[in-house]
Amino acid sequence: MDLFANLALGFSVALSPETLALAVVGCILGTMIGALPGLGPSNGVAILIPISFSFGLDATHSLVLMTAVYYGAMYGGRISSILLNIPGDEPAMMTTLDGYPMAKAGRAGDALVLSGVASFVGAFLATIGLMLLAPILARVAFMFGPAEYFALYVLAFCTLGGLGSNNQAKAAISVCLGLGIAMIGVDKSTGLTRFTGGSLHLYDGVDFLVAIVGLFAVAEVFVFIESHGRDSAIGVKLEKIRIPVRDIVNSGWTMLRGTGIGFIAGLLPGAGASLGSFLAYMLEKSTARDKSTFGKGEPRGITAPEAGNNAAAGGALVPMLTLGVPGSGTTAVLLALLMTLNITPGPLLFTERPEVVWGLIASLLIANVVLLILNVPLVRVFSRILQVPAAVLLPGVTMISFVGIYSLSGSYFDLLLMIGFGVLGYTLRKLSIPAVPVILGILLGGHMEVSLRRAMVLSDGDWTYLFASPISIGLWIAAVAGFILPLFLRPYLKVPAPVMTDDDVKRDKG
Amino acid sequence: MSDRITGLIVAVLALAFAASASQLEEPFFADPLGPKAFPLLISAISFVAAATMLMRPDAEPAWPGLATLMRLAIATIILVAYAYALKPLGFLLPTGIASAALSYQIRPRLRQSVVIGLALSVGLFVIFKYALGLGLFALPRWLMV
């Protein structure tokens, strides 16, 4: 079997002491980052990329470290959801709905263990799904020419914009902003400089890492300053941790259903983990015989979204690795990492650099086991992290971001650009214009233009060539649907309001 | 109102972008599409989206009050000053001052902020320099010859 030979290759890479150590470090860092309110996976990975880059790790190792951080952050996001009712990251939002009420009812430990197990089931099965599906999709991807790639990029922007925002016009503006920024610099096919305004600093274009760290990390600092950095003290008491065997067994099918839905949501280019956890929760609630317990600490209301969001994290790696089109903000950041490492994701990656792909997959399997160990018996240790006050955390994150970007180029101009992106990110957030499409636009803009221009070279300027093959027609239809359908589905895609208890109301006022 | 203003700004930007694109000199042996077409496409789409935003704005977002805006402006100035100071003044001094000032913006307690600034600047320097091996200078370079 091909698969087993590949896996053996993967494990031979992943089980080297160095790789293993990096996976463990990544898991620990990731869980910490995920647990801190407001520091989601995208933030965490974005801040760490420049640092790992200047640390001089090779491609496989940095990829293993960063994906371990990514998975870890997906696990860690639930900790603050459950203990503070503040999601550690966006996909963990659905976990607050039942996780926090359960914790308030004195079962915080149970909620943490339950969600840890659900995360493991979701992430582990999704990694196996990635393993089975990615090589097949990579083979299909060989049939993609420039016209199909162009349609695929359009699809990614349409679904990301359509699902990620409540206003299609704002989503489109966000995408165009990113694409426009990607146009800055020397045009590779003609050598012409475009949109630099004569500034020499911009000849090489805008470094996407600068944009990512600015839009995510620096913008977060501004948001925290605005919210007065409410001190993150643990809201509920954490009793002794034991394993709620009965709840785990009872929600076995729930976890599997959540995993299935999450994985599929993750596969869609542009949809990602938030959609995965949302759909998993809503399906579980709508099919349950007794709906009244949801929102009041129902175990299945924790396991479904947790399995869903972690499975989506694995699913999102499939289009990212095989097609070079990320499915979420964090996979966009991981794509940025690949590009910095000079690895072009796509079908060729599977045939030419199998050690990278399979080493990564094997490390993910190992990382999941490590994360289960970290997140069940050691969850108390991580819950301590929530006690770090914002007044220490935020300046720390800012300084790490600055040093990371500074160590890339040593230029003050990049730092100023990063602050500019921070201000932009804050303003966009205020106007509820999503920031992730900007990142995706900056990342993919160059490729998108190149594939369009190549398609036009092949067809000698005939635009109908873009719609000539069945694959591209399918992608165009999906793109239009992905952009327009959410308009009609929006009334059904509302997140249920969290149950507010009396002292929550008091706390919000005080 | 915010949406209308944003729409207006984006529309103007889109036009400027299009103007800048159309002034590019088409090279003699270019591909059929050339360097102008894709940027023009982007500006067209953003112009339409901006017009939609102008016509159908969302509800007004909750902008922070004047005091908070001031604090945000101060934080931005601190960061800009930090960006300029990092190279000539070395790591320790600017980092200490900037993180103390930022922490003061989040939680206005003077003594706490000073301690945080000191701890972060020394702690991060040790991590970056010795654990991660980044080439940072602790002090202004003219002191370190």
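If you're matching them up, the sequences are chains W and D in order. Position 425 of the first sequence, counting from 1, maps to 425 under my numbering, and the rest follow consecutively. Each number in my numbering comes from the position in the second sequence (counting from 1) with 1000 added on. C-beta: ideal position from N, C-alpha, C; glycine also.
Check                                                                                                                                                           : Outcome
Taking 7 Å as the limit between beta carbons, can you name the residues of its chain near Gly1096(D), skipping five residues before and five after?             : Gly1117, Leu1118 and Ser1121
Would you say Ser54(W) reaches chain D, if we count a Cβ-Cβ gap shorter than 8 Å as a contact?                                                                  : yes
On a CA-only basis, which of Val64(W), Met399(W) and Pro17(W) is nearest Ser1103(D)? Give me that one, please.                                                  : Met399(W)
Report yes or no: is there a C-beta of chain D within less than 8 Å of the C-beta of Cys176(W)?                                                                 : yes
Can you give me, in chain order, the residues of the region 194-228 of chain W that have a beta carbon less than 8 Å from any beta carbon in chain D?           : Arg194, Phe195, Val218, Val221, Phe222, Phe224, Ile225, Glu226 and His228
Any beta carbon of chain W sitting closer than 8 Å to that of Arg1004(D)?                                                                                       : no
Rounding to the nearest angstrom, what Cα-Cα distance links Asp504(W) and Ile86(W) in this structure?                                                           : In this predicted model, Asp504(W) has a pLDDT of only 46, less than 50, meaning its place in the structure is not dependable; the value taken from the coordinates is given anyway. Roughly 12 Å separates the two Cα atoms.
Nearest by alpha-carbon distance to Leu9(W): which of Glu355(W), Trp463(W) and Ala481(W) is it?                                                                 : Glu355(W)
What would DSSP say about Thr536(W), mapped onto helix, strand or coil?                                                                                         : Beyond the ends of chain W as shown, which are 1 and 510, falls residue 536(W); an answer cannot be given.
Taking the alpha helix (DSSP H) that Gln387(W) falls in, what are its first and last residues?                                                                  : Here Gln387(W) belongs to no alpha helix (DSSP H), and DSSP marks it neither H nor E.
Express the C-alpha separation of Ala316(W) and Gly327(W) in angstroms, rounding to a whole number.                                                             : 5 Å
Is Val186(W) helix, strand or coil when you go by DSSP?                                                                                                         : strand
Out of Phe216(W), Ala138(W), Thr259(W) and Trp476(W), which has the shortest C-alpha to C-alpha gap to Gly420(W)?                                               : Phe216(W)
Grouping DSSP H, G and I as helix and E and B as strand, with all else coil, what is Arg194(W)?                                                                 : strand
Sorted by chain position, which residues of the same chain lie with C-beta nearer than 8 Å to Val186(W)'s C-beta, five sequence neighbours on each side aside?  : Leu192, Thr193, Arg194, Tyr203, Asp204 and Gly205
Closer than 6 Å by C-beta to Asp231(W): which residues in its own chain qualify, once you throw out the five before and the five after it? Chain order, please. : Note on Asp231(W): pLDDT 48, under 50, position unreliable in the model; the coordinate value appears next. Only Pro389 meet the Cβ criterion.
First and last residue of the alpha helix (DSSP H) that includes Met1001(D)?                                                                                    : Careful: Met1001(D) lies outside any alpha helix (DSSP H) and carries neither H nor E.
Which whole-angstrom value is the C-beta distance of Gly535(W) and Val175(W), which I expect to be below 8 Å?                                                   : What is shown of chain W runs 1 to 510, which leaves residue 535(W) out entirely.
With Arg78(W) and Thr67(W) assumed to form a contact (beta carbons below 8 Å), what rounded beta-carbon distance in angstroms separates them?                   : Contact doesn't hold; Cβ gap of about 19 Å is too wide.
Given that a residue counts as buried once 16 or more other Cβ atoms are within 10 Å of its Cβ, and exposed if not, what is Phe488(W)?                          : exposed
Below 9 Å on C-beta distance, what does Leu1102(D) contact in chain W?                                                                                          : Val221, Ile225, Ala391, Leu394, Pro395, Thr398 and Met399
Using a Cβ-Cβ distance cut-off of 8 Å, determine whether Asp187(W) contacts chain D.                                                                            : yes
Can you tell me whether Met143(W) is helix, strand or coil according to DSSP?                                                                                   : coil
Which residues in chain A sit within 8 Å of Tyr412(W), going by Cβ to Cβ distance?                                                                              : Of the chains in the structure shown, none is chain A; the protein chains are W and D.
Would you call the CB atoms of Leu337(W) and Ser62(W) closer than 8 Å?                                                                                          : yes
Could you run through the region 452-466 of chain W and flag, in chain order, every residue whose CB is less than 7 Å away from some CB of chain D?             : Leu452, Arg453, Met456, Val457, Asp460 and Gly461
Classify Ser6(W) as helix, strand or coil using the three-state DSSP reduction.                                                                                 : Correcting the residue type first, residue 6(W) is Asn in the shown sequence and not Ser. Helix at Asn6(W).
Buried or exposed: Gly446(W), going by 16 or more other Cβ atoms within 10 Å of its Cβ?                                                                         : buried
Would you give the residue range spanned by the alpha helix (DSSP H) that Pro463(W) belongs to?                                                                 : The sequence shown places Trp at residue 463(W), not Pro. Element bounds for Trp463(W): n/a, residue is neither H nor E.
Considering only residues of the same chain and omitting the five flanking positions on each side of Val499(W), which have a CB-CB separation below 7 Å?        : Low per-residue confidence applies at Val499(W): pLDDT is 49, beneath 50, and the placement is therefore not dependable enough to give any value.
Please list, in chain order, the chain D residues whose beta carbon lies closer than 7 Å to that of Leu179(W).                                                  : Ile1042
So, under 8 Å CB-CB, Val213(W) and Val376(W) are touching, yes? Tell me the CB distance rounded to an integer number of Å.                                      : 32 Å between Cβ atoms; not a contact.
Among residues of its own chain, excluding the 5 on either side of Ala73(W), which ones have a beta-carbon nearer than 6 Å to its beta-carbon?                  : Gly30, Ile33, Gly34, Pro41 and Gly44
Provide the residue span of the alpha helix (DSSP H) that contains Trp358(W), from first to last.                                                               : Pro354 to Asn375
With Asp247(W) as the anchor, note down where its alpha helix (DSSP H) starts and where it stops.                                                               : Val245 to Asn250
Which residues, taken in chain order from the region 1042-1063 of chain D, show a beta carbon closer than 7 Å to some beta carbon of chain W?                   : Ile1042, Ile1045, Ser1046, Ala1049, Ala1050, Thr1052, Met1053, Asp1058, Pro1061 and Trp1063
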